[in-house]
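Peer 1: Our numbering numbers the first residue of the sequence shown as 4 and each following residue consecutively.
Virtual Cβ for every residue (Gly too), placed ideally from N, Cα, C.
Values in this document were obtained by computation on a predicted structure and should not be read as measured data.
Have a look at this one.
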Amino acid sequence: MVDTPQPHPARAPGTQVSAPRTLDRSALERVLARAAELQASTAEPDEPGLSEEQLVAIAREVGIAPEHVRQALAEERTRPSAIQTEGALSELVGATRVAARRVIRGTAESVLAALDQWMQREELLQVKRQFPDRILWERRPGLATEFRRVLNVGGRGYHLSRAAEVGATVVPVDAGRVMVSLEADLTPTRQAYLIGAGVSAGGGAAATAVLAALGFVAYLAAVPVAGGITLGYFIARRHLPVVSRMQLALEQVLDRIERGETPRPSLLAGYAAGRFLP
């Protein structure tokens, strides 16, 4: 027995077939972000994730260029995990960590080597720890270093030498570009300003307590504590310019590495090469 095709249901007169709905770029990004959030919330802890190549293939299916995905992956791998807003204290006196990131042409090895040379020769730093894709520097000790920093020899300011630690992470984006992330830890500097602010406020409170014990009227006794708190506030706020200068210093290092600038030769090396001879 041969099956006869069933007729399609008749449409009411005047009805039109609706075209498939399309999403603009903003809506697509929102939908994908929400879908990823839902997937993450329902995924099992031991469920395997996606490889980078799988992610590139999926993104290509939805019209996202592979080079953009690879740059986003590089940014994720170099994202400073320790940097956070730290709440109201960070807004008031400045953060404890600053960072700068940029895509630069070159290989990971050459860019990391250029960064190391620049940090040691121009920023008065020395290597603290070194990994295949990351270097940590710290302030170089010694009287010669302190002499150059205090007298600002060369006119650079040496702001990075005030950091407890400076780090660089370099991750390839493609064959000819890398993502460079620089970070600077200012925790000791901020702590020093906060301690100074606390000493000022505490000294004012102690003076107020003494005046109150001696029988001074309330408005006169309150003058020292008010003055101490006000002075402490301005002492703590002195950390904000340090944060701004440190941020600028990181960006300037990236500028120079991007332009291919090399550190200036030392005076001893210059004489050895005959550059400063008449």
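1) Where do the N-terminal and C-terminal ends of the beta strand (DSSP E) with residue 260 fall, by residue?
2) How is the alpha helix (DSSP H) around residue 93 delimited, first residue to last?
3) What residues in its chain sit with their C-beta under 6 Å from that of residue 185, if we drop five residues either side in the sequence?
4) Counting Cβ pairs, one atom from each stretch, are 3 or more of them under 8 Å apart for the segment 235-250 and the segment 216-225?
5) Return yes when the Cβ of residue 122 is within less than 9 Å of the Cβ of residue 187, no when it is not.
6) Grouping DSSP H, G and I as helix and E and B as strand, with all else coil, what is residue 126?
7) Quick one: residues in its chain with C-beta nearer than 8 Å to the C-beta of residue 143, no 5 flanking neighbours on either side, listed in chain order?
8) Check each candidate in 216, 106, 203, 193 and name the one with the smallest Cα separation from residue 175.
9) Run through the segment 113-190 for me and flag every whole beta strand (DSSP E) of 3 or more residues, listed as ranges in chain order.
10) Who pairs with residue 224 in a beta bridge, going by DSSP?
11) Assuming contact is defined by CB atoms lying nearer than 9 Å, are residue 193 and residue 114 in contact in what I supplied?
12) Could you say which of 132, 120, 111, 204 lies nearest to residue 233 if we only look at CA atoms?
13) Rounded to the nearest angstrom, what separates residue 111 and residue 148 at their Cα positions?
14) Could you round the C-beta distance between residue 227 and residue 200 to whole angstroms and report it? I think they count as a contact, below 8 Å.
15) What residues in its chain sit with their C-beta under 8 Å from that of residue 215, if we drop five residues either side in the sequence?
16) With a 10 Å radius around its C-beta and 16 neighbouring C-beta atoms as the bar for buried, classify residue 198 as buried or exposed.
17) Using the C-alpha atoms, what's the distance from residue 156 back to residue 146?
18) Just to confirm, does residue 185 get its C-beta within under 8 Å of one of the non-hydrogen atoms of the ligand NAP?
19) In or out: residue 41 buried (at least 16 other Cβ within 10 Å) or exposed?
20) When you compare only the Cα positions, how much space is there between residue 158 and residue 125?
Peer 2: For this structure:
1) Here residue 260 refers to the residue found at position 257 of the sequence shown. Run containing residue 260: none in the beta strand (DSSP E); it sits in the alpha helix (DSSP H), 242-262.
2) Locating residue 93 in the sequence shown gives position 90, counting from the first residue. 90-96 is the span of the alpha helix (DSSP H), which, as asked, contains residue 93.
3) Stepping through the sequence shown from its first residue, residue 185 is reached at position 182. Contacts found: 103, 171, 253.
4) no
5) Translated into positions along the sequence shown, residue 187 becomes position 184. Translated into positions along the sequence shown, residue 122 becomes position 119. No, Cβ-Cβ distance for residue 187 and residue 122 is not below 9 Å.
6) Position 123 of the sequence shown, counting from 1, holds the residue named residue 126. If DSSP states are grouped into helix, strand and coil, residue 126 belongs with coil.
7) Reading the sequence shown from its first residue, position 140 is the one you call residue 143. The residues are 123, 127, 128, 129, 164.
8) In the sequence shown, counting from the first residue as 1, residue 175 sits at position 172. The candidate whose alpha carbon is nearest that of residue 175 is 106.
9) 128-134, 137-142, 168-175, 180-188
10) Taking the sequence shown and counting its residues from 1, the one referred to as residue 224 is at position 221. Answer by DSSP bridge pairing: none, since residue 224 is not bridged.
11) If you number the sequence shown from 1, residue 193 lands on position 190. If you number the sequence shown from 1, residue 114 lands on position 111. No; because the gap between Cβ atoms is not below 9 Å, this pair is not in contact.
12) Counting from 1 along the sequence shown, the entry for residue 233 is found at position 230. With distances taken between Cα atoms, residue 233 lies closest to 204.
13) Translated into the one-based positions of the sequence shown, residue 111 becomes position 108. Translated into the one-based positions of the sequence shown, residue 148 becomes position 145. Going by the C-alpha atoms only, they are around 29 Å apart.
14) Position 224 of the sequence shown holds residue 227. Position 197 of the sequence shown holds residue 200. Contact doesn't hold; Cβ gap of about 15 Å is too wide.
15) Position 212 of the sequence shown, counted from the start, is the residue given in the question as residue 215. Counting only Cβ-Cβ distances below 8 Å, and skipping sequence neighbours, we find 221, 224.
16) As a position in the sequence shown, residue 198 is number 195, starting the count at 1. Per the 10 Å Cβ criterion, exposed.
17) Locating residue 146 in the sequence shown gives position 143, counting from the first residue. Locating residue 156 in the sequence shown gives position 153, counting from the first residue. Approximately 13 Å, taken between the alpha carbons.
18) Summarising the ligand content, the structure contains no ligands, and the ligand NAP is consequently not present.
19) In the sequence shown, residue 41 corresponds to position 38, counting from 1. It counts as exposed.
20) Reading the sequence shown from its first residue, position 155 is the one you call residue 158. Reading the sequence shown from its first residue, position 122 is the one you call residue 125. Spanning the two alpha carbons is a distance of roughly 11 Å.
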